[in-house]
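Number of protein chains: 2
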Amino acid sequence: MPATNRPTSRSRLLTATEDMLRESGMAGTGIKDVVARSGAPIGSLYHHFPRGKMQLVSEALAIHAERFPRLLERFFDGKRSAAAALDALFTTAAAEFERQGAAKGCAIGAVALDLVASDADIRRVCHQAFDDWAASLAPRLPFPDAATRRSFAVAIVVALEGAFVLARAAGDGEPFREAGRWIVAALSATTSRRRIKRRRSSRKPTTAP
Amino acid sequence: MPATNRPTSRSRLLTATEDMLRESGMAGTGIKDVVARSGAPIGSLYHHFPRGKMQLVSEALAIHAERFPRLLERFFDGKRSAAAALDALFTTAAAEFERQGAAKGCAIGAVALDLVASDADIRRVCHQAFDDWAASLAPRLPFPDAATRRSFAVAIVVALEGAFVLARAAGDGEPFREAGRWIVAALSATTSRRRIKRRRSSRKPTTAP
């Protein structure tokens, strides 16, 4: 392979960081281990990432976050219903989780649970990622009003992140399948009623024309 | 306060570990920080926990896990419906998360996302905790068959864990409220559909109860 096609030190460092964040979160991702895993020369780290670990983690999370909207396009392909697309999303997540040895979660989720007060910038990256994910899901959902589309999109992201947590503990992808069944059931049941109405602090299904 | 009523070094070390796990997960919980935070004499650590950090983390997670069934009794009090109990569970989780400065997640969840291959014993503790939580939720759910009760119980645990992830990133408890709305909607919609199904054989409901 010609040298120009090989991943650069910069991209190798980011890939190693993303992988380590998925495996063991923020505190479990040590700079020395990232460098060793990437195979990049140690000197390249502060050359490419002068702000050190925080910069490396921020950029790796941003790369990780961008995968989700691209993934959605694969499932919401315009041919299947939203329910079928969500079913495929959760069952594929289960299979992929198992294919990767049940050892890799979501980098954003793992970091979010490790945040300390001094990680304000990283917290903003995580928040932005979940926000972007909900925003890319919402327009694909078959509810007539934007507020319900947005609310259900957040519930889907919550279900995916929660499934990663239980799946890591279980050592298999079953929590994705279980969560996916209820996401599809909730979608089917509530769209057949057409509307979720805001009532005081909680929303409950009601009969809509 | 008489000396006999003061928490022992052992319990202070466990409380400090539980708090640190909730804040920043497994790798973020250093032995030295635990000892400093607990105020316990350094010598007491290996006296009470001869197997070191792994024993401390295992026991702190077991204590954390036991809180959930007790919490459920508060909400499923025999007076309110399952839907009302779940609504109260999620809205209280949101308020409590915010009251604690939006900085404390679920210790089990934070550890589950930090696990490395060598943490097999800790993984089992996490898995057992989620399993016990689903088992304590299932009998309280109004589905006629055990498999559906169990499945929805897992979905509720997934929703709570996912809400912790998004709430840590957002810095507020809103993801709990959002997830709770959909858990209640899914429960109401699927249980009312079952009632209608039993009445009218196989038609989808077009009206709410």
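Taken in order, these protein sequences are the chains called A and B. Using the working numbering, you'd call the opening residue of the first sequence number 1 and step up by one each time. Using the working numbering, you'd call the opening residue of the second sequence number 1001 and step up by one each time. Even for Gly, the Cβ is constructed at its ideal location relative to N, Cα and C. Just so it is clear, the structure is predicted and the values come from calculations on it, not from any experiment.
- Message: Using beta carbons (cut-off 9 Å, strictly below), is residue 141 of chain A in contact with chain B?
- Response: no
- Message: Here's the rule: buried if 16 or more other CB atoms are within 10 angstroms of the residue's CB, otherwise exposed. What is residue 1042 of chain B?
- Response: With a threshold of 16 other beta carbon atoms within 10 Å, residue 1042 of chain B falls short and is exposed.
- Query: Would you say residue 1092 of chain B faces chain A, with C-beta separation under 9 Å as the test?
  - Reply: Not an interface residue.
- Query: What separation, rounded to the nearest whole angstrom, lies between the Cα atoms of residue 1070 of chain B and residue 1160 of chain B?
  - Reply: 16 Å
- Query: Looking at the unbroken alpha helix (DSSP H) that takes in residue 1069 of chain B, where does it start and where does it end?
  - Reply: Taken as a continuous stretch (DSSP letters only), the alpha helix (DSSP H) holding residue 1069 of chain B covers 1053-1075.
- Message: Using CA atoms only, rank isn't needed, just tell me which of B:1068, B:1045, B:1011 and B:1050 is closest to residue 1129 of chain B.
- Response: Comparing Cα-Cα distances from residue 1129 of chain B to each of B:1068, B:1045, B:1011 and B:1050, the minimum goes to B:1068.
- Query: If the cut is a Cβ gap below 9 Å, which residues of chain B does residue 69 of chain A touch?
  - Reply: Neighbours of residue 69 of chain A on chain B: none; closest Cβ ~17 Å, over 9 Å.
- Item | Cα-Cα separation, residue 44 of chain A to residue 10 of chain A | 8 Å
- Three or more beta-carbon pairs under 8 Å between the region 1176-1189 of chain B and the region 1107-1118 of chain B, yes or no? no
- Message: 9 Å is my cut-off, CB to CB: does residue 72 of chain A come that close to chain E?
- Response: In the structure shown, chain E cannot be found, because the protein chains are A and B.
- Closer than 9 Å, CB to CB, is residue 1132 of chain B near chain A or not? By this cut-off, residue 1132 of chain B is not an interface position.
- Inter-residue spacing [alpha-carbon to alpha-carbon] between residue 1085 of chain B and residue 1093 of chain B: 12 Å
- Item | Under 9 Å between C-beta atoms of residue 1060 of chain B and residue 1018 of chain B | yes
- Message: Within 9 Å of any Cβ in chain A, is that where the Cβ of residue 1205 of chain B sits?
- Response: Interpretation of residue 1205 of chain B is limited by its pLDDT of 41, a score under 50 that renders its predicted location unreliable; no figure is taken from the coordinates.
- Would you please verify whether the beta carbon of residue 1127 of chain B is less than 9 Å from any beta carbon of chain A? yes
- Query: How about residue 1048 of chain B and residue 1013 of chain B: are their beta carbons less than 9 Å apart?
  - Reply: yes
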